[in-house]
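Right, one structure below, let's go through it.
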Amino acid sequence: MASAGGGHCEGAAPEADRPHQRPFLIGVSGGTASGKVRAASPLSTVCEKIMELLGQNEVDHRQRKLVILSQDRFYKVLTAEQKAKALKGQYNFDHPDAFDNDLMHRTLKNIVEGKTVEVPTYDFVTHSRLPETTVVYPADVVLFEGILVFYSQEIRDMFHLRLFVDTDSDVRLSRRVLRDVHRGRELEQILTQYTTFVKPAFEEFCLPVPTLRLLESPVSPCSEGHRVSSSVTELKFG
Numbered sequence: 006m007a008s009a010g011g012g013h014c015e016g017a018a019p020e021a022d023r024p025h026q027r028p029f030l031i032g033v034s035g036g037t038a039s040g041k042v043r044a045a046s047p048l049s050t051v052c053e054k055i056m057e058l059l060g061q062n063e064v065d066h067r068q069r070k071l072v073i074l075s076q077d078r079f080y081k082v083l084t085a086e087q088k089a090k091a092l093k094g095q096y097n098f099d100h101p102d103a104f105d106n107d108l109m110h111r112t113l114k115n116i117v118e119g120k121t122v123e124v125p126t127y128d129f130v131t132h133s134r135l136p137e138t139t140v141v142y143p144a145d146v147v148l149f150e151g152i153l154v155f156y157s158q159e160i161r162d163m164f165h166l167r168l169f170v171d172t173d174s175d176v177r178l179s180r181r182v183l184r185d186v187h188r189g190r191e192l193e194q195i196l197t198q199y200t201t202f203v204k205p206a207f208e209e210f211c212l213p214v215p216t217l218r219l220l221e222s223p224v225s226p227c228s229e230g231h232r233v234s235s236s237v238t239e240l241k242f243g
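Residue numbers (the numbering used here): 6 to 243.
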């Protein structure tokens, strides 16, 4: 078991005298490799930009009052047959049923109630849930990001603010190819998986969800981006 403070889950260390308050829960969704959390430059991502706006990007993780949690941590444990398909690029990781939605809902519910939680760790190379978990301590702001974080209305209604990262599909595909090649996948398998599972799932399960839309721009924010920035900067840490 590891304490939160690295990877895509960071949080403040426990404080015995810190009051348990309900955090402000922000959902960040978008297509695969849209720039929700990981990109070539960390500060070019939406979650990192929110951290910067809240003055938390240069704060030691033990003092940080913001947590970033990824939906990817909640992929289901695969059967031997499913894992064999996954290793061949024949398993649909972009379908809502690929996630352990019950565990995800329970975890978010506990986070919203200001409780300390343990979240799973997922290995994308072996397509396995690792035995190690990560401890997430109570925080003032929690960012929960993922391709389908708004699919379930039960989970969608928990967010105080919903952001959708609208990135050009060609940009997203090129990022995904680079990412998966780095993970040891073959190009043909990556493209087949994209056309068979990723793109159709994005259009069916990700796009129709009602959210506040944020258009990602590497040059300058659009007007909606300014609106989102204004909303976020109203959050203050005491």
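Even glycine gets a Cβ: it sits at the ideal position worked out from N, Cα and C.
Nearest candidate by alpha-carbon position, reference residue i, set the options
{"i": "V5", "options": "F164, R180 and A89", "result": "There is no way to answer for residue 5, as the model of the chain reaches only from 6 to 243."}
{"i": "E137", "options": "L74, P143, V124 and V130", "result": "V124"}
{"i": "E53", "options": "T201, V72 and T172", "result": "V72"}
{"i": "T172", "options": "T37, L30 and G32", "result": "T37"}
{"i": "Y80", "options": "D145, D105, G32 and E118", "result": "D105"}
{"i": "Y142", "options": "E159, Y156, I116 and Q158", "result": "I116"}
{"i": "T50", "options": "T197, K204, R180 and I195", "result": "R180"}
{"i": "I195", "options": "E208, I152 and L92", "result": "L92"}
{"i": "E208", "options": "I152, Q87, E118 and G119", "result": "I152"}
9 Å Cβ cutoff, residue i in contact with chain C
{"i": "L192", "result": "No chain C is present in this structure, which holds just one protein chain."}
Residue i, buried or exposed, once every other Cβ within 10 Å from all chains shown has been counted against 16
{"i": "L48", "result": "Reliability fails at L48, whose pLDDT of 39 lies under 50, so the model's placement of it is uncertain and no value is given."}
{"i": "D162", "result": "exposed"}
{"i": "V170", "result": "buried"}
{"i": "L135", "result": "exposed"}
{"i": "R27", "result": "exposed"}
{"i": "A85", "result": "exposed"}
{"i": "V82", "result": "exposed"}
{"i": "T200", "result": "exposed"}
{"i": "E221", "result": "Its pLDDT being 48, under 50, E221 is placed unreliably in this model, and the value from its coordinates should be taken loosely. E221 comes out buried."}
{"i": "D175", "result": "exposed"}
{"i": "D185", "result": "buried"}
CB contact flag (residue i, residue j, <9 Å)
{"i": "T121", "j": "V147", "result": "no"}
{"i": "G35", "j": "C211", "result": "yes"}
{"i": "H100", "j": "F202", "result": "yes"}
{"i": "Y127", "j": "D77", "result": "yes"}
{"i": "R188", "j": "F129", "result": "yes"}
{"i": "L166", "j": "L74", "result": "no"}
Cβ-Cβ separation, residue j to residue i (assumed contact under 8 Å), whole Å
{"i": "L168", "j": "V182", "result": "That pair is no contact at about 25 Å."}
{"i": "E150", "j": "V33", "result": "4 Å"}
{"i": "D145", "j": "K70", "result": "4 Å"}
{"i": "A206", "j": "N62", "result": "That pair is no contact at about 32 Å."}
contact_flag[the region 101 to 117, the region 54 to 62] where n(CB pairs < 8 Å) is 3 or more: no
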